Amino acid sequence: MPRIMLRQMKRNQSGVITAVKVAGELGRRIRDMGLVPGTQVTVQGRAPLYDPVALRVMGGTLTLRNNEADHIEVEVTEAQEATQS
Amino acid sequence: MTAPITVALAGNPNSGKTTLFNALTGARQHVGNYPGVTVEKKEGLHVAASGEQINIVDLPGTYSLTAYSVEEVVARDYLVQERPDVVINIVDASNLERNLYLTTQFLELGVPMVVALNMMDVAEDRGIAVDASRLAELLGVPVVPIVARSNKGTAELMATAMAQAGRAWNPLQISYGEDLDGVLRSMEKEIEERGFLTRLYPSRWLAVKYLENDSQIRDRGAKENAALSADLDRWVQGATDHLQRTMETYPEAIIADHRYGYIKSILRQEVITRKYDADRLYASDRIDKVLTNRFLGPIIMLAILFGLYNFTFTYSELPVAWLEGFFGWLREAAGAILPDGYLKSMLVAGVIDGVGGVLGFVPLIMFMFFGIAILEDSGYLARVAFMMDRIFRMFGLHGSSVMAYIVSGGIAGGCAVPGVMATRTLRSERERLATLLTVSFMNCGAKLPVLALLTGVFFASSQAQVMFLLTLLAWAVALLVAKFYRLTILRGESTPFVMELPPYRLPTFRGLLIHTWERTWQYIKKAGTVILAISILLWAMMTFPGLPEGERERIDAQRQELLTGYPAEVVQEATAEGAEEEGLSPAAVDLLERLDALDRQEAEEALEYSAAGRAGRALEQVSWLAGFDWRTNIALVGGFAAKEVVISTLGTAYSLGEVDPEESQSLAQTLADDPNWNPVMAFALIVFVMFYAPCFVTVVCIAREAGSWKWGFLAMGCNTVFAFGLAVVVYQLGMALGLGG
């Protein structure tokens, strides 16, 4: 399974977080919200200007900016293309 | 009798904490602030079934207890310093895994605790079954399933909480893996041997916070015992270096991983059973497909924001008119009863107008907060922030800033007072301050009559276009100044946007009312007193010193002279009680008009003689650079009370008497004829009125909301200097180009 950064993930694509490579305030916030290695995420959609991105995580929805998504590495599990909607 | 039991309510944002708080306390609430910060502290009384009164404190909603924003710091400081008898940790059963992250940290702190498993109904709808007794067994604290919205299970929850109250603190120890556990043990030993802050924190918890690089705890530690704190820092440094070398990670990441590991290990033990796949889309997600759709989303958002704006300003019109009518009546009544003199003048122009000014905003604020409460409680506001963030981030702001700008007059005709208060929905401090300081640049309803008058006189042929241009100008200036602040005094990384899009929920009416009322009441209470004082001060500036005796005698003599110039019966006719214009002889009408003119002349001279008048004169030296004469200067001083006062004060200064901002034709004619006024000067004045010091009601609100008068003064000073600079550029450039006509 390929490992890519969260920013590169497409709509409806799912994966499991493998690393969060940032410390400090941002890293803490990312982890507090449940984005830690082992968590499964699915890209739910993007804002009208492609940024921020909305993720489905643990049954809830989280948003983060693309430059924040750059710190999160994901192992993609399925490459479901955006067929609907 | 023993002191009443104190229960602290804690949980994630959107977990239903506020709903539970309202259900437990009803209307018996009290909102204050935590010392030194602008975070709201809500307290309330709950009367238990036994009749016992229980004190309930609603802690700010947080996802964690590690210092991220001021909310987390407030929450944990409260727990360790005030030591509530028991904590009710409310968790969302439909989103258990993430909610338990905070629970785990409470367990590590060791506070006596009950877990309130909220939204059992939502979880059920989603096919999630949670075994509360199994969860209680594994966590080691009681777990009570509730539905806060319908008040289900709250009696049992309180009974369980009472049973837990006052238990000894019992910190949970989670293993953070070989690497860290060893270090933690060494740190703990040092901490315990020296009794380092142990009266407040459990030793292991303290060591974990050092490893998590928690700045607030480290600062506190350094103050308590610098040497030991440095020792602990060395341990942390060692562990950090080791982890970096071997695994390219940080202690705080390892700690978070293990906490989630602990949660997962619990949930795996038959606590949760799911009927459906965890990523199944729910009704809320289907709504989001439309509401945050790339094309439809922004359109619907504009429609909703415009709707809120209309709702606020249309429906509040009637109560505002009632209040204005009432204060107008009070003014007249006071004017009729009291004898002429300074007391009357002060009561009417200072006190009644001042109080009327404060209360006049109340319906506006109530409607706006009601509208915002709907957007907030339903979960839509988070979507607005999501969609607008990209644009606002360019200016160092946050997606949530859009609300405050729109309410303040982003759609011309708003009001900066509710706008400033709307910034409360912003959770990030720097972005919030930058928004707070720039919302007053928008064209609020009070600036509109001034702008309409000036554009009507000097840009009559293209008034609509000019007004539209001014709205765009306001946006451009507000965003650019916000950017400037974020690059200078509010410099710093943008606050992470990692936030939750809560599922859409139908707001409860009771929740909306409580929300609206408590914010409105805060405005009245906090702003009221200061505004009254400033109103009286402004009145005094425009009244004192009064005309010297000689001057008044001179005008009185003129009045006498005028009266003696007419036959006695005309004088009697004109000065008779209740004389009306119609039905008077032409001579009497003429006399009345002349007397009126004399009164207006006296008012003008008195204004010029007053402190404000002298200030206006003195300022002429500088204000000529922008083409403003002393009359304009006084009017602008008056505009500090409320922007539309610019018109009435200009009227007085031009001996027109008090000009009603709604009907300013006489003033328009005077300005058109005055050689000092020309389109360039008028445009310079427009620019100045738009951007100079906000009215003092706004300034007071800025100071209150920002938590310090420093920011209020900054808004006054910087805005005025900036506006004047802009006005000078406009005037000088315009005149040099010969546009002054």
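Listed in order, the protein sequences are those of chains A and B. Each residue of the first sequence is one higher than the one before, starting from 345 at the first, in the numbering used here. Each residue of the second sequence is one higher than the one before, starting from 2 at the first, in the numbering used here. Backbone N, C-alpha and C fix where the C-beta goes; we use that ideal spot for every residue, glycine too. Since this is a predicted model, take the numbers as computed values, not measurements.
- Contact of B/Leu-118 with chain A is not assigned, every C-beta pair being separated by 8 Å or more.
- Along the length of the region 470-508 of chain B, whole beta strand (DSSP E) runs at least 3 residues long occupy 500-502, reported in chain order.
- The contact set of A/Gly-359 on chain B, defined by CB atoms closer than 7 Å, is empty, because the minimum CB distance reaches about 12 Å.
- Within 10 angstroms of the beta-carbon of B/Gln-666 lie fewer than 16 other beta-carbons, which makes it exposed.
- With contacts defined as CB atoms closer than 8 Å, B/Val-408 and B/Met-389 fail to qualify as a contacting pair.
- Shortest Cα-Cα distance from B/Ile-375 to any of B/Ser-463, B/Phe-684, B/Phe-442 and B/Leu-513 involves B/Leu-513.
- When the five nearest sequence neighbours on each side are left out, the beta carbons in the same chain lying within less than 7 Å of the beta carbon of B/Val-571 are those of Ser-586, Ala-588, Ala-589 and Leu-592, in order along the chain.
- Here the alpha carbons of B/Met-443 and B/Val-482 stand approximately 12 Å from one another.
- With respect to B/Tyr-406, B/Val-440 sits close: the two C-beta atoms are nearer than 8 Å.
- Interface with chain A (8 Å Cβ-Cβ cutoff): B/Ser-649 is excluded.
- B/Ile-338 sits in a helix when the DSSP states are folded into three classes.
- Pairing B/Gly-739 with B/Val-729, the inter-Cα distance amounts to about 15 Å.
- Secondary structure of B/Leu-740 (DSSP, three-state): coil.
- In the structure shown, B/Arg-615 adopts helical secondary structure according to DSSP, grouped into three states.
- Straight through space, the alpha carbons of B/Asp-354 and B/Leu-66 are spaced by roughly 48 Å.
- With respect to chain A, the C-beta atom of B/Glu-501 has a partner C-beta closer than 8 Å.
- It is roughly 12 Å from the alpha-carbon of B/Asp-557 to the alpha-carbon of B/Gln-602.
- DSSP places B/His-47 within a strand segment (E or B) once states are collapsed to three.
- By the CB criterion at 8 Å, B/Asn-23 and B/Asn-100 fall outside the cutoff.
- For B/Ile-412, the three-state secondary structure derived from DSSP is coil.
- Contact annotation, B/Thr-313 with B/Gly-372: C-beta distance approximately 6 Å; criterion of less than 8 Å satisfied.
- For B/Tyr-251, the C-beta contacts it makes with chain A under 8 Å involve Ala-367 and Gly-371, in order along the chain.
- Considering only B/Gln-670, B/Arg-219 and B/Ser-187, the residue with the shortest C-alpha distance to B/Leu-454 is B/Gln-670.
- If you look at B/Pro-252, you'll find it in the alpha helix (DSSP H) that goes 252-268.
- A buried status is given to B/Lys-43, since no fewer than 16 other beta-carbon atoms sit within 10 Å of its beta-carbon.
- B/Ile-264 sits away from B/Glu-109, with the two beta carbons spaced by 8 Å or more.
- For B/Pro-419, the uninterrupted alpha helix (DSSP H) run begins and ends at 417-423, by DSSP.
- Put simply, the backbone Cα of B/Glu-41 is about 52 Å away from that of B/Asn-677.
- The region 604-615 of chain B and the region 548-563 of chain B touch, with three or more beta-carbon pairs separated by less than 8 Å.
- For B/Glu-73, the closest alpha carbon among the candidates B/Pro-61, B/Thr-426, B/Arg-428 and B/Ala-654 is that of B/Pro-61.
- DSSP places B/Arg-221 inside the alpha helix (DSSP H), whose first and last residues are 216-225.
- Under DSSP, B/Pro-146 shares a beta bridge with B/Leu-118.
- Annotated three-state conformation of B/Met-389 is helix, per DSSP.
- Here B/Asp-93 carries a strand assignment [DSSP, helix/strand/coil].
- When DSSP states are grouped into helix, strand and coil, A/Met-349 belongs to the strand group.
- When the Cα atoms are used, B/Glu-193 and B/Ser-204 turn out to be separated by approximately 6 Å.
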